[in-house]
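According to the working numbering, the stretch in the sequence shown is residues 139 to 489, in order.
Don't be surprised by glycine CBs; every beta carbon is placed ideally from N, CA and C.
Worksheet: one structure, shown below.
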Amino acid sequence: MELKLPEIPELSRQHRLAAQEQLDRKTKPVGSLGRLEELAVQLCAIQHKVPPDTARKRILVFAADHGITEEKVSAYPREVTAQMLANFAAGGAAINVLARLMGGELFVVDVGVAAEPVVGVKNRKVRWGTRNFAHEPAMTVEETLQALNVGIELAFEAAEDEVDILCLGEMGIGNTTAAAALLCLLTEAREEQVVGRGTGLTDAQLEHKRAIVARAVARHREWVKTPFEALCAVGGLEIAALVGSMIGAAASKIPVIVDGFIVTVAALVAYHLTPKARDALIFAHRSEELGHRYALELLEANPLLDLGMRLGEGSGAALASFLVEAAGRILREMATFAEAGVSEREEQDVT
139 MELKLPEIPE
149 LSRQHRLAAQ
159 EQLDRKTKPV
169 GSLGRLEELA
179 VQLCAIQHKV
189 PPDTARKRIL
199 VFAADHGITE
209 EKVSAYPREV
219 TAQMLANFAA
229 GGAAINVLAR
239 LMGGELFVVD
249 VGVAAEPVVG
259 VKNRKVRWGT
269 RNFAHEPAMT
279 VEETLQALNV
289 GIELAFEAAE
299 DEVDILCLGE
309 MGIGNTTAAA
319 ALLCLLTEAR
329 EEQVVGRGTG
339 LTDAQLEHKR
349 AIVARAVARH
359 REWVKTPFEA
369 LCAVGGLEIA
379 ALVGSMIGAA
389 ASKIPVIVDG
399 FIVTVAALVA
409 YHLTPKARDA
419 LIFAHRSEEL
429 GHRYALELLE
439 ANPLLDLGMR
449 LGEGSGAALA
459 SFLVEAAGRI
469 LREMATFAEA
479 GVSEREEQDV
489 T
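Dropping the structure here:
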(Lines of atoms letter the chains of each structure in order from A; the text may use other names.)
(Lines give C-alpha, C1' and ligand atoms only; values in the text may rest on other atoms or scores of the structure.)
Protein backbone atom coordinates (compact mmCIF):
# COMPACT_ATOMS: atom_id res chain seq x y z
CA MET A 139 0.00 0.00 0.00
CA GLU A 140 1.10 3.58 -0.60
CA LEU A 141 -0.13 6.94 0.61
CA LYS A 142 -2.73 8.26 -1.85
CA LEU A 143 -4.76 11.21 -0.67
CA PRO A 144 -7.86 12.64 -2.35
CA GLU A 145 -7.62 16.03 -4.01
CA ILE A 146 -8.96 18.94 -1.97
CA PRO A 147 -10.61 21.88 -3.77
CA GLU A 148 -9.64 25.47 -3.04
CA LEU A 149 -11.86 27.56 -0.82
CA SER A 150 -14.33 29.43 -3.01
CA ARG A 151 -13.48 33.14 -3.13
CA GLN A 152 -16.67 33.73 -5.14
CA HIS A 153 -18.90 32.28 -2.42
CA ARG A 154 -16.91 33.99 0.32
CA LEU A 155 -17.53 37.39 -1.28
CA ALA A 156 -21.19 36.63 -1.96
CA ALA A 157 -21.70 35.57 1.66
CA GLN A 158 -20.08 38.73 2.98
CA GLU A 159 -22.19 40.88 0.68
CA GLN A 160 -25.38 39.22 1.90
CA LEU A 161 -24.37 39.56 5.54
CA ASP A 162 -23.72 43.27 5.07
CA ARG A 163 -27.30 43.72 3.84
CA LYS A 164 -28.89 42.05 6.87
CA THR A 165 -30.78 44.13 9.45
CA LYS A 166 -27.79 44.92 11.67
CA PRO A 167 -24.75 47.18 11.74
CA VAL A 168 -22.00 45.80 9.48
CA GLY A 169 -19.89 43.23 11.33
CA SER A 170 -21.96 43.46 14.52
CA LEU A 171 -22.30 39.68 14.86
CA GLY A 172 -18.53 39.32 15.04
CA ARG A 173 -17.22 35.78 14.77
CA LEU A 174 -20.62 34.42 13.79
CA GLU A 175 -20.25 36.36 10.55
CA GLU A 176 -16.72 35.04 10.04
CA LEU A 177 -18.05 31.52 10.57
CA ALA A 178 -20.87 32.01 8.08
CA VAL A 179 -18.44 33.22 5.43
CA GLN A 180 -16.07 30.32 6.14
CA LEU A 181 -18.90 27.80 5.78
CA CYS A 182 -19.87 29.22 2.40
CA ALA A 183 -16.27 29.16 1.18
CA ILE A 184 -15.87 25.51 2.23
CA GLN A 185 -19.23 24.27 0.90
CA HIS A 186 -19.13 26.41 -2.26
CA LYS A 187 -22.70 27.58 -1.66
CA VAL A 188 -24.61 30.57 -0.26
CA PRO A 189 -26.31 30.24 2.14
CA PRO A 190 -24.52 27.25 3.72
CA ASP A 191 -26.28 24.08 4.84
CA THR A 192 -25.95 23.26 8.54
CA ALA A 193 -29.00 21.17 9.44
CA ARG A 194 -27.54 17.66 9.16
CA LYS A 195 -24.71 17.11 11.61
CA ARG A 196 -22.76 13.91 12.23
CA ILE A 197 -20.30 13.07 15.01
CA LEU A 198 -17.57 10.51 14.35
CA VAL A 199 -15.84 9.20 17.47
CA PHE A 200 -12.87 7.01 16.59
CA ALA A 201 -11.69 4.60 19.30
CA ALA A 202 -8.51 2.55 19.72
CA ASP A 203 -6.09 1.28 22.34
CA HIS A 204 -2.42 2.09 22.83
CA GLY A 205 0.49 -0.18 23.66
CA ILE A 206 2.19 2.68 25.50
CA THR A 207 -0.21 2.07 28.40
CA GLU A 208 2.13 -0.79 29.35
CA GLU A 209 4.38 2.00 30.69
CA LYS A 210 1.69 3.11 33.20
CA VAL A 211 1.17 6.55 31.64
CA SER A 212 -2.57 6.68 32.38
CA ALA A 213 -4.59 6.86 35.58
CA TYR A 214 -7.05 4.36 34.08
CA PRO A 215 -6.48 0.80 32.82
CA ARG A 216 -6.64 0.03 29.12
CA GLU A 217 -9.89 -1.92 29.61
CA VAL A 218 -11.73 1.38 30.04
CA THR A 219 -11.63 1.99 26.27
CA ALA A 220 -13.79 -1.05 25.54
CA GLN A 221 -15.99 -0.35 28.55
CA MET A 222 -16.62 3.18 27.30
CA LEU A 223 -17.58 1.81 23.89
CA ALA A 224 -20.31 -0.18 25.61
CA ASN A 225 -21.36 3.02 27.39
CA PHE A 226 -21.51 4.88 24.06
CA ALA A 227 -23.60 2.08 22.57
CA ALA A 228 -25.99 2.23 25.54
CA GLY A 229 -26.36 6.00 25.18
CA GLY A 230 -24.90 6.86 28.58
CA ALA A 231 -21.81 8.96 27.81
CA ALA A 232 -21.52 12.75 27.68
CA ILE A 233 -21.29 12.71 23.90
CA ASN A 234 -24.57 10.76 23.71
CA VAL A 235 -26.29 13.48 25.73
CA LEU A 236 -24.83 16.25 23.57
CA ALA A 237 -25.60 14.43 20.33
CA ARG A 238 -29.24 14.12 21.35
CA LEU A 239 -29.33 17.78 22.32
CA MET A 240 -27.82 19.00 19.04
CA GLY A 241 -29.88 16.62 16.93
CA GLY A 242 -26.77 15.03 15.46
CA GLU A 243 -26.05 11.47 14.34
CA LEU A 244 -23.43 9.75 16.48
CA PHE A 245 -21.24 7.07 14.93
CA VAL A 246 -18.68 5.41 17.21
CA VAL A 247 -15.99 3.62 15.23
CA ASP A 248 -13.70 0.88 16.58
CA VAL A 249 -10.45 1.29 14.64
CA GLY A 250 -8.26 -0.62 17.06
CA VAL A 251 -9.75 -1.40 20.45
CA ALA A 252 -8.07 -4.34 22.17
CA ALA A 253 -11.32 -6.24 22.77
CA GLU A 254 -14.08 -7.96 20.87
CA PRO A 255 -16.32 -5.67 18.81
CA VAL A 256 -19.22 -4.03 20.65
CA VAL A 257 -22.76 -4.25 19.26
CA GLY A 258 -23.84 -0.80 18.18
CA VAL A 259 -20.29 0.33 17.37
CA LYS A 260 -18.95 0.37 13.80
CA ASN A 261 -16.29 -2.33 13.57
CA ARG A 262 -13.44 -1.08 11.39
CA LYS A 263 -10.71 -2.62 13.52
CA VAL A 264 -7.24 -2.57 11.96
CA ARG A 265 -5.57 -4.41 14.86
CA TRP A 266 -6.07 -4.87 18.61
CA GLY A 267 -4.31 -1.69 19.73
CA THR A 268 -0.95 -0.26 18.75
CA ARG A 269 2.43 -1.56 19.81
CA ASN A 270 4.33 0.02 22.69
CA PHE A 271 6.16 2.91 21.03
CA ALA A 272 8.54 3.14 23.98
CA HIS A 273 10.27 0.13 22.37
CA GLU A 274 9.17 -0.05 18.71
CA PRO A 275 7.03 1.82 16.18
CA ALA A 276 3.37 1.94 17.18
CA MET A 277 2.13 0.95 13.72
CA THR A 278 3.46 -0.41 10.46
CA VAL A 279 3.07 1.61 7.28
CA GLU A 280 0.28 -0.71 6.14
CA GLU A 281 -1.63 -0.40 9.43
CA THR A 282 -1.34 3.38 9.40
CA LEU A 283 -2.59 3.54 5.82
CA GLN A 284 -5.49 1.24 6.68
CA ALA A 285 -6.54 3.49 9.56
CA LEU A 286 -6.18 6.60 7.39
CA ASN A 287 -8.40 5.01 4.79
CA VAL A 288 -11.05 4.18 7.40
CA GLY A 289 -11.30 7.89 8.11
CA ILE A 290 -11.36 8.88 4.44
CA GLU A 291 -14.05 6.32 3.64
CA LEU A 292 -16.29 7.43 6.52
CA ALA A 293 -15.94 11.05 5.41
CA PHE A 294 -16.95 10.00 1.89
CA GLU A 295 -19.92 8.11 3.37
CA ALA A 296 -20.95 11.31 5.14
CA ALA A 297 -20.81 13.15 1.82
CA GLU A 298 -22.98 10.48 0.18
CA ASP A 299 -25.46 10.87 3.05
CA GLU A 300 -25.51 14.64 2.46
CA VAL A 301 -24.10 15.45 5.89
CA ASP A 302 -23.56 19.21 6.24
CA ILE A 303 -21.24 19.39 9.27
CA LEU A 304 -18.84 16.74 10.59
CA CYS A 305 -17.78 16.76 14.26
CA LEU A 306 -14.75 14.68 15.22
CA GLY A 307 -13.88 13.05 18.53
CA GLU A 308 -11.87 10.17 19.97
CA MET A 309 -11.67 7.61 22.75
CA GLY A 310 -8.60 5.66 23.76
CA ILE A 311 -6.80 5.23 27.07
CA GLY A 312 -3.22 6.43 26.53
CA ASN A 313 -3.96 8.67 23.58
CA THR A 314 -2.84 11.92 25.22
CA THR A 315 0.58 10.27 25.53
CA ALA A 316 0.55 9.33 21.85
CA ALA A 317 -0.63 12.79 20.81
CA ALA A 318 2.02 14.52 22.92
CA ALA A 319 4.80 12.30 21.54
CA LEU A 320 3.53 12.93 18.01
CA LEU A 321 3.52 16.68 18.64
CA CYS A 322 7.13 16.47 19.83
CA LEU A 323 8.19 14.51 16.74
CA LEU A 324 6.41 16.91 14.38
CA THR A 325 7.94 20.00 15.99
CA GLU A 326 10.77 21.09 18.25
CA ALA A 327 8.49 20.95 21.31
CA ARG A 328 9.93 19.58 24.54
CA GLU A 329 7.97 17.09 26.62
CA GLU A 330 7.44 19.57 29.47
CA GLN A 331 5.66 21.88 27.00
CA VAL A 332 3.13 19.38 25.70
CA VAL A 333 2.80 16.35 28.00
CA GLY A 334 -0.14 16.94 30.32
CA ARG A 335 -2.09 15.15 33.02
CA GLY A 336 -4.45 13.34 30.63
CA THR A 337 -6.97 11.42 32.71
CA GLY A 338 -5.80 13.11 35.93
CA LEU A 339 -2.25 12.12 36.84
CA THR A 340 -0.52 13.08 40.07
CA ASP A 341 2.68 15.15 39.92
CA ALA A 342 4.82 12.01 40.22
CA GLN A 343 2.84 10.21 37.52
CA LEU A 344 3.13 13.25 35.24
CA GLU A 345 6.91 13.30 35.59
CA HIS A 346 7.00 9.57 34.76
CA LYS A 347 4.82 10.15 31.67
CA ARG A 348 7.11 12.95 30.51
CA ALA A 349 10.18 10.77 30.94
CA ILE A 350 8.58 7.98 28.89
CA VAL A 351 7.69 10.41 26.09
CA ALA A 352 11.15 11.99 26.10
CA ARG A 353 12.90 8.64 25.74
CA ALA A 354 10.51 7.42 23.05
CA VAL A 355 10.80 10.61 21.02
CA ALA A 356 14.61 10.47 21.20
CA ARG A 357 14.53 6.84 20.04
CA HIS A 358 12.29 7.51 17.04
CA ARG A 359 13.74 10.87 16.03
CA GLU A 360 16.78 9.00 14.75
CA TRP A 361 14.79 7.51 11.87
CA VAL A 362 11.63 9.60 11.45
CA LYS A 363 12.00 11.93 8.47
CA THR A 364 8.39 12.74 7.50
CA PRO A 365 5.09 13.52 9.24
CA PHE A 366 3.69 10.20 8.01
CA GLU A 367 6.61 8.34 9.57
CA ALA A 368 6.01 10.23 12.82
CA LEU A 369 2.40 9.03 12.77
CA CYS A 370 3.59 5.45 12.29
CA ALA A 371 6.19 5.77 15.03
CA VAL A 372 4.14 7.10 17.95
CA GLY A 373 0.60 7.74 16.74
CA GLY A 374 -2.60 5.83 17.28
CA LEU A 375 -5.01 4.04 15.02
CA GLU A 376 -7.77 6.47 16.00
CA ILE A 377 -5.43 9.43 15.38
CA ALA A 378 -4.69 8.13 11.88
CA ALA A 379 -8.41 7.68 11.23
CA LEU A 380 -9.03 11.25 12.39
CA VAL A 381 -6.39 12.48 9.95
CA GLY A 382 -8.07 10.58 7.12
CA SER A 383 -11.54 11.85 8.01
CA MET A 384 -10.35 15.47 7.92
CA ILE A 385 -8.76 15.00 4.52
CA GLY A 386 -11.79 13.11 3.16
CA ALA A 387 -14.19 15.75 4.48
CA ALA A 388 -12.14 18.60 3.03
CA ALA A 389 -12.12 16.82 -0.33
CA SER A 390 -15.92 16.51 -0.07
CA LYS A 391 -16.46 20.20 0.88
CA ILE A 392 -17.71 19.28 4.35
CA PRO A 393 -16.74 21.62 7.22
CA VAL A 394 -15.10 19.77 10.11
CA ILE A 395 -15.41 20.80 13.75
CA VAL A 396 -12.22 19.79 15.55
CA ASP A 397 -12.53 18.75 19.20
CA GLY A 398 -9.69 18.89 21.75
CA PHE A 399 -6.01 18.06 22.07
CA ILE A 400 -5.87 14.68 20.34
CA VAL A 401 -8.03 15.78 17.41
CA THR A 402 -6.03 19.00 17.05
CA VAL A 403 -2.77 17.04 16.84
CA ALA A 404 -4.43 14.91 14.15
CA ALA A 405 -5.31 18.18 12.38
CA LEU A 406 -1.64 19.16 12.48
CA VAL A 407 -0.70 15.85 10.84
CA ALA A 408 -3.41 16.37 8.19
CA TYR A 409 -2.06 19.86 7.52
CA HIS A 410 1.48 18.49 7.09
CA LEU A 411 0.26 15.78 4.70
CA THR A 412 -1.91 18.13 2.62
CA PRO A 413 -2.01 21.80 3.68
CA LYS A 414 -5.38 22.55 2.06
CA ALA A 415 -7.07 20.25 4.62
CA ARG A 416 -6.60 23.08 7.13
CA ASP A 417 -9.10 25.25 5.24
CA ALA A 418 -12.04 22.99 6.10
CA LEU A 419 -11.37 22.98 9.85
CA ILE A 420 -13.27 24.87 12.55
CA PHE A 421 -11.69 24.58 16.00
CA ALA A 422 -14.20 23.97 18.75
CA HIS A 423 -12.48 24.79 22.02
CA ARG A 424 -9.27 25.28 23.94
CA SER A 425 -8.97 22.38 26.36
CA GLU A 426 -7.13 22.17 29.66
CA GLU A 427 -4.66 19.60 28.31
CA LEU A 428 -1.21 21.18 28.37
CA GLY A 429 -0.19 20.69 24.74
CA HIS A 430 -3.45 21.88 23.23
CA ARG A 431 -2.61 25.58 23.26
CA TYR A 432 0.74 24.82 21.61
CA ALA A 433 -0.89 22.76 18.84
CA LEU A 434 -3.55 25.42 18.24
CA GLU A 435 -0.88 28.10 17.86
CA LEU A 436 0.95 26.01 15.27
CA LEU A 437 -2.27 25.84 13.24
CA GLU A 438 -3.03 29.56 13.80
CA ALA A 439 -6.37 28.43 15.21
CA ASN A 440 -8.68 30.58 17.32
CA PRO A 441 -11.16 28.20 18.99
CA LEU A 442 -14.78 29.16 19.53
CA LEU A 443 -14.99 28.11 23.19
CA ASP A 444 -12.84 27.97 26.32
CA LEU A 445 -14.75 26.08 29.00
CA GLY A 446 -11.95 24.35 30.89
CA MET A 447 -12.92 21.00 29.34
CA ARG A 448 -10.65 18.00 28.78
CA LEU A 449 -13.03 15.09 28.26
CA GLY A 450 -12.61 14.30 24.57
CA GLU A 451 -15.29 12.12 22.90
CA GLY A 452 -16.11 15.03 20.57
CA SER A 453 -17.83 16.84 23.45
CA GLY A 454 -16.34 20.24 22.63
CA ALA A 455 -17.07 19.81 18.93
CA ALA A 456 -20.70 18.99 19.71
CA LEU A 457 -21.06 22.13 21.81
CA ALA A 458 -19.42 24.29 19.16
CA SER A 459 -21.79 22.92 16.53
CA PHE A 460 -24.55 25.10 18.01
CA LEU A 461 -22.54 28.21 17.12
CA VAL A 462 -21.71 26.87 13.67
CA GLU A 463 -25.37 26.16 12.95
CA ALA A 464 -26.33 29.58 14.30
CA ALA A 465 -23.90 31.24 11.91
CA GLY A 466 -25.37 29.40 8.94
CA ARG A 467 -28.94 30.16 9.96
CA ILE A 468 -28.20 33.88 10.38
CA LEU A 469 -27.19 33.99 6.74
CA ARG A 470 -30.09 31.81 5.62
CA GLU A 471 -32.95 33.22 7.70
CA MET A 472 -32.19 36.79 8.77
CA ALA A 473 -33.99 39.49 6.79
CA THR A 474 -32.23 42.16 4.76
CA PHE A 475 -33.01 45.85 5.23
CA ALA A 476 -35.05 45.78 2.00
CA GLU A 477 -37.01 42.66 2.97
CA ALA A 478 -37.86 44.01 6.42
CA GLY A 479 -38.61 47.56 5.28
CA VAL A 480 -35.95 48.92 7.65
CA SER A 481 -34.03 52.04 6.73
CA GLU A 482 -30.36 51.52 6.07
CA ARG A 483 -27.47 53.47 7.54
CA GLU A 484 -27.08 56.99 6.26
CA GLU A 485 -23.74 58.42 5.31
CA GLN A 486 -23.70 61.87 6.89
CA ASP A 487 -21.35 64.72 6.18
CA VAL A 488 -20.48 66.24 9.57
CA THR A 489 -17.90 68.71 8.31
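Fully enclosed beta strand (DSSP E) runs of no fewer than 3 residues occupy 419-421 of the region 396-427, in order along the chain. Looking at N270, E243, R154 and P147, the one whose alpha-carbon comes closest to that of P189 is R154. The three-state reading of DSSP puts M472 in coil, since its state is none of H, G, I, E or B.
Around the Cβ of D203, a 10 Å sphere holds 16 or more other Cβ atoms; the residue is buried.
Taking each of V247, E281 and A183 in turn and checking the Cα distance to K391, the smallest one comes out for A183. In terms of CA proximity to V199, G307 leads the group G307, Q152, A319 and E175.
DSSP places L306 inside the beta strand (DSSP E), whose first and last residues are I303 to M309.
Non-local beta-carbon contacts of A227 in its own chain, meaning distances under 8 Å to residues more than five positions away in sequence, involve V246, V256, V257, G258 and V259 in chain order.
The region 415-426 and the region 381-389 touch, with three or more beta-carbon pairs separated by less than 8 Å. Assignment of K187 by DSSP, reduced to helix, strand and coil, places it in the coil class. Listed as beta-bridge partners of E243 by DSSP are R196. Judged by DSSP in its simplified three-state form, L339 adopts coil rather than helix or strand. For P365, the enclosing alpha helix (DSSP H) starts and ends at P365 to V372. Cα atoms of A253 and V301: separation of roughly 30 Å, rounded to the nearest angstrom. Residue nearest to N440 within the set V351, R216, G242 and T402 is T402 (criterion: CA-CA distance). For G386, the enclosing alpha helix (DSSP H) covers residues L375 to A389. In the three-state reduction of the DSSP assignment, L143 falls in the coil class.
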